[in-house]
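Notes to accompany the following structure.
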């Protein structure tokens, strides 16, 4: 198996360096089915000098292939990476993920096991999903232990997944209309599930997802991200108008009532909660502060979902009357 590791990136040069150095340290036992690998980085219009840095230090990363695009979002970046790839198997990770040294080998073993379960020839009618451990430890990200909050029940998420290129092409790749934050991978997952692909859990393929410790200064961008996620959620629902998708994007009366009540109708917002959040941060509880902030962040998301849905309905009515 030849693997192509596809990594979209946007303004993440410091953690991208750790990501790429870890991928250059891959080790393979003599019995590995891996015949080789490449690392494809697609820069999505970064403005932090990522491309200049990659070009300057290219000799440090012999497996690296670099491609550039204007800022079109991760869906378009992953599609470009797929189109440029040479591998029969694609591994998707994010540019803030630091992996262990047998990461690629572990995915290969998982795919072989899945193929035996299928009792079919290549390509395997399955994909592997590795373990993702969240950490705020920039200097030593791989020292973070697994936590119950790291559990994910997602069917297909591009934080750490390996899949035969054949099935991505059969499903139609990512929908590049998902230019803002969220849902492009889960939407593709719906189409992959319709093809009958099986998810194989692969806990040995470990990636450590780094994010900076929560600070109040991050709240405006986090709120904007929730609004974007709401808009993209409606696009997801327009493509797949099912109850399951409504649950995923929080477009139900249950979510509307829940987050309205918990946020006291928006009264508990970033302004009123700021002193309490800062109090927790000052006492070394930044992760707990983030979980508390999710009360109003989720309310912003739910409101954005319904606002985008109303806008789409009005647009549809307008198109019918013209």
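Residue numbers (our numbering): 54 to 375. Even for Gly, the Cβ is constructed at its ideal location relative to N, Cα and C.
Among the options, whose alpha-carbon lies nearest the alpha-carbon of residue i?
i: residue 256; options: 278, 117, 155; result: 155
i: residue 323; options: 273, 365, 336; result: 273
i: residue 66; options: 148, 205, 357, 144; result: 148
i: residue 191; options: 73, 266, 358; result: 266
i: residue 286; options: 61, 304, 344; result: 304
i: residue 318; options: 349, 345, 343; result: 349
i: residue 205; options: 183, 230, 195; result: 183
What are the start and end residues of the beta strand (DSSP E) that includes residue i?
i: residue 145; result: 142 to 146
i: residue 263; result: 251 to 263
i: residue 217; result: 213 to 217
i: residue 233; result: Premise fails: residue 233 is in no beta strand (DSSP E) and is neither H nor E.
For residue i, is the classification buried or exposed, using 16 other Cβ atoms within 10 angstroms of its Cβ as the cut-off for buried?
i: residue 289; result: buried
i: residue 327; result: exposed
i: residue 248; result: exposed
i: residue 181; result: buried
i: residue 99; result: buried
i: residue 134; result: buried
i: residue 77; result: exposed
i: residue 199; result: exposed
i: residue 13; result: Any answer about residue 13 is impossible in this case: the structure gives the chain only from 54 up to 375.
i: residue 235; result: buried
i: residue 163; result: buried
i: residue 263; result: buried
I'd like to know whether the C-beta atoms of residue i and residue j end up nearer to each other than 8 Å.
i: residue 161; j: residue 211; result: no
i: residue 260; j: residue 187; result: no
i: residue 61; j: residue 139; result: no
i: residue 243; j: residue 308; result: no
i: residue 137; j: residue 122; result: no
i: residue 142; j: residue 251; result: no
Express the C-alpha separation of residue j and residue i in angstroms, rounding to a whole number.
i: residue 269; j: residue 280; result: 18 Å
i: residue 167; j: residue 227; result: 24 Å
i: residue 330; j: residue 276; result: 15 Å
i: residue 239; j: residue 185; result: 16 Å
i: residue 64; j: residue 101; result: 5 Å
Is any non-hydrogen atom of the ligand FMN found closer than 7 Å to the C-beta of residue i, if you look at the structure I gave you?
i: residue 191; result: Although the ligand FMN was asked about, the structure shown includes no ligands whatsoever.
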